[in-house]
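Residue numbering for the sequence shown follows our numbering, beginning at 14 and increasing consecutively.
Glycine included, every Cβ here is placed at the ideal spot set by N, Cα and C.
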Amino acid sequence: MPPTMPSSGFRRQPEPAAAAAWFAGVAGQAILASEADSLRQAALERPGQPGLWLCPSGMGEGEVELPFLRLRAAARGFEGDVRCGLPLPLPTESCGVVVVQHLADISTQPTVLLEECARLLVPSGCLWLLALNPLSPYRLRWRGQGPRAAEPVTWRRRLRAVGLVPDVVSRGLGPSWGIAPEPAMQDGAGMRAAFLIRAEKRRSPLTPRRSSTKSLWRPGMPTA
14 MPPTMPSSGF
24 RRQPEPAAAA
34 AWFAGVAGQA
44 ILASEADSLR
54 QAALERPGQP
64 GLWLCPSGMG
74 EGEVELPFLR
84 LRAAARGFEG
94 DVRCGLPLPL
104 PTESCGVVVV
114 QHLADISTQP
124 TVLLEECARL
134 LVPSGCLWLL
144 ALNPLSPYRL
154 RWRGQGPRAA
164 EPVTWRRRLR
174 AVGLVPDVVS
184 RGLGPSWGIA
194 PEPAMQDGAG
204 MRAAFLIRAE
214 KRRSPLTPRR
224 SSTKSLWRPG
234 MPTA
């Protein structure tokens, strides 16, 4: 059984459970399926370096295989390759890539989550943020179901606040209304159900380095 760590900002809120159920449903699965190619591209960003993939519990096992440590949102923090909460039991500057797939949409503390992701990135490492688009007609399918969507400009501001440098243009993907996967990306979120923002770490945060000897995972350790 994976070790249990302190809980995170996903605790004591009904929204994460409802959001997980929504992502596990047909409408949510259409978005997740649309993002599969983007996830594979993220795995090629920093070849040979460890990565972290944070995803909703609706993302089933075996649908996408990435060479990353994988954690899914749970009622009490995260579950998957390890069971833990925030802060994550990983060393500072240990990941070349961190993928945040809709966990920022369902977290009650999105800034805390992004701060932790920034801590884990190596200098010049990249965060891939996949988020729901509140301007898409598809929002009617998740309204009242748990997720909390924000526009790209809001996420860029949050990313800059934790020391990351986001791309100027987001990439829209996923369906606009019909419940069917649509992986082709476009410049700008537009009316697409989701969008991707990449952000680079260009300086080291002024936080103490976490000792790798106390972590549950080290670069080179198998993640599956």
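For the pair S183 and N146, the Cα-to-Cα distance works out to about 11 Å.
In the DSSP assignment, P179 is bridged to A212.
The C-alpha of R156 is placed about 29 Å away from the C-alpha of R96. With respect to the 9 Å criterion, I119 and A86 are classified as neighbours on the basis of their beta carbons. When DSSP assignments are scanned along the segment 48-127, the uninterrupted stretches of alpha helix (DSSP H) that are 4 or more residues long and fall wholly within it turn out to be 49-56, 116-119.
In the DSSP assignment, R184 falls within the beta strand (DSSP E) that extends over 184-186. Residue pairing from DSSP places A207 in a beta bridge opposite L145, L186. When the five nearest sequence neighbours on each side are left out, the beta carbons in the same chain lying within less than 6 Å of the beta carbon of E195 are those of S47, G187, P188, in order along the chain. The beta-carbon distance between H115 and F36, rounded to whole angstroms, is 7 Å. This is short enough to meet the 8 Å contact definition. Excluding sequence positions up to five before and after D200, its CB lies within less than 6 Å of the CB of V182, all in the same chain and listed in chain order. For R161, there is no enclosing alpha helix (DSSP H), as DSSP marks it with neither H nor E.
The criterion of a C-beta distance shorter than 9 Å is satisfied by A202 and G185. By the neighbour-count definition (other C-beta atoms within 10 Å, threshold 16), L134 is a buried residue.
Across the set A174, F81, C68, R83, the C-alpha of C68 shows the shortest separation from the C-alpha of A32.
Each residue's CA atom was taken as its position, placing L126 and R132 some 10 Å apart.
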